[in-house]
Every structure is written in C-alpha cells, then in structure tokens.
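Worksheet for the structure shown next.
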Amino acid sequence: FNFNQVLNYSKEVCGFEVFGYWEFFNSADAAEIIQNNLHSFIDIIYANNTTLFRTDFLPLGKLREWITNRKRTIRVSYLTENDYDILRQYLAEGMQSKLNWYTAEIENINWKDEKDIDPMIQQPVLFIKAKSFDVCPIFSMTEENEFIPNYEMIELNAGHWVMEEKPDEVNQAIDKWITKIK
Numbered sequence: 006f007n008f009n010q011v012l013n014y015s016k017e018v019c020g021f022e023v024f025g026y027w028e029f030f031n032s033a034d035a036a037e038i039i040q041n042n043l044h045s046f047i048d049i050i051y052a053n054n055t056t057l058f059r060t061d062f063l064p065l066g067k068l069r070e071w072i073t074n075r076k077r078t079i080r081v082s083y084l085t086e087n088d089y090d091i092l093r094q095y096l097a098e099g100m101q102s103k104l105n106w107y108t109a110e111i112e113n114i115n116w117k118d119e120k121d122i123d124p125m126i127q128q129p130v131l132f133i134k135a136k137s138f139d140v141c142p143i144f145s146m147t148e149e150n151e152f153i154p155n156y157e158m159i160e161l162n163a164g165h166w167v168m169e170e171k172p173d174e175v176n177q178a179i180d181k182w183i184t185k186i187k
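What follows is the structure in structure tokens.
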C-alpha cells in the first residue's frame, strides 16, 4: 500500500485527497488534539451539512485545521444528546488506540500477514451504500465487483452513518438479504 500514491490519485480523479484525513489520524499529536477538542471532532463527523465531509474532513490538512480552530457546526438530528454524551465519553477515554488502524495501514504493518491472502472473497457480501455520502463516485462500490462473486449492493437515501440514520431500513435490507442467501 502506497499512501502517497492513493492521495495523488484521489486528488487527480476527485479534485481533493479523499483519504487526506488519514495523514492527520496517523500523526503523533492527533489523539491529543482530538481529545482536547471533542466537540469540534464530533460536530464534523456528525455534521448535518454533508458537504463538510468534502470540504473540511477528507482533504489533506482540513480535519486538523477544523479541530485545532475549534470549529463547530450543527449536528445531525438523529444524534440525540444522550448518544452525544456516550460518544463523547467513549472518545475521551482515549483516542490513540482508535487511530492505530490508520497507522497500521499507512505503514504497512500488517503486510506480512496479509500479502498471501486470496483477494477473492467467497462469502456473500451485502454493501449498503449511503446515497447522500457519495464523496467521489470513482471510489464508490458498484453493483458488480470482480473480487466478490456473490456481491449485492443496495442504496439508501442517507449519509455516512446510514445505520444510525435509517436503522429500520438497514435492518429490513439485512433481513431480506439473509433470507435470500440462506
């Protein structure tokens, strides 16, 4: 995995670095910055204005800028105050372990363990696409996938957190899919 190639390719194709936030998540000070500015971080990941993902979350340097400037925005309506408090408490307990996955990917920590894995996924796969979160169409999964022969995609009119925004529709889709693949 070459992170810089991915950044350059996404900027060329989409006009911005779709995975630019990974650089921030991989930085030595990211956990502390997020923990010291939880309101700003939660606001951006649950922003009611979905275009903020394209402008202030995904591009290189933008998430760090948002959080360090303590920017705020209106959060989605389905994130209740109780949910917000639980999420804030969970994140306040420590961010570093939550960010380690990005470091492992960028630095190819798992490469030796993963390099010989068959890229073909033989199990049935259901992908629930969030229609309102199409940040760059070229990176969206399509209805067919060469590495997943038994693949199905459905689209729901929702943002990034589709399972929170449309829980009943997600559950119905999963139930219908499970019934079909039995």
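Per the numbering used here, the sequence shown starts with residue 6, numbered consecutively.
Ideal placement from N, C-alpha and C gives every residue a C-beta, glycine not left out.
Can you name, in chain order, every residue of its own chain whose Cβ lies under 8 angstroms from the Cβ of residue i, other than the five neighbours on each side?
i, result
"Arg80", "Ile47, Asp48, Tyr51, Ala52, Asn53, Tyr89"
"Phe138", "Thr55, Phe58, Ala163, Gly164, His165, Val167"
"Asn1", "The structure shown does not extend to residue 1, since the chain is modelled only from 6 through 187, so no value can be given for it."
"Val175", "Ile133, Leu161, Val167, Met168"
Using a Cβ-Cβ cutoff of less than 7 angstroms, which residues in the same chain neighbour residue i once the five nearest sequence positions on both sides are dropped?
i, result
"Gln101", "Ala36"
"Glu169", "Tyr83"
Could you give the first and the last residue of the continuous beta strand (DSSP E) run that contains residue i?
i, result
"Ala135", "130-135"
"Met207", "As shown, the chain starts at 6 and ends at 187. That puts residue 207 outside it, with no answer to give."
Take residue i as the anchor and find which of the options has the nearest alpha-carbon.
i, options, result
"His44", "Lys16, Asn74, Ser32, Thr184", "Asn74"
"Thr60", "Arg93, Phe24, Leu92, Asn113", "Phe24"
"Glu157", "Trp182, Pro172, Val140", "Trp182"
"Leu131", "Asp34, Ala97, Ala178, Asp118", "Ala178"
Going by the CB atoms, is the gap between residue j and residue i shorter than 7 angstroms?
i, j, result
"Ile126", "Ile153", "yes"
"Phe30", "Tyr95", "no"
"Pro124", "Asn155", "no"
"Glu22", "Leu65", "yes"
"Ile189", "Phe8", "This structure cannot speak to residue 189, because the chain is shown only from 6 to 187."
"Tyr14", "Leu63", "no"
Closer than 7 angstroms, CB to CB, is residue i near chain D or not?
i, result
"Glu169", "This model lacks chain D altogether, as it is built from one protein chain only."
How would you write the range of the alpha helix (DSSP H) that residue i sits in, first residue to last?
i, result
"Thr184", "172-186"
"Gln101", "101-111"
Can you list, in chain order, the residues of its chain with a C-beta nearer than 6 angstroms to that of residue i? Leave out the 5 residues immediately preceding and following it.
i, result
"Ile39", "Phe46, Met100"
Q) Mind pulling the alpha helix (DSSP H) runs of 4 or more residues that sit fully within the region 12-70? A) 26-31, 35-41, 43-50
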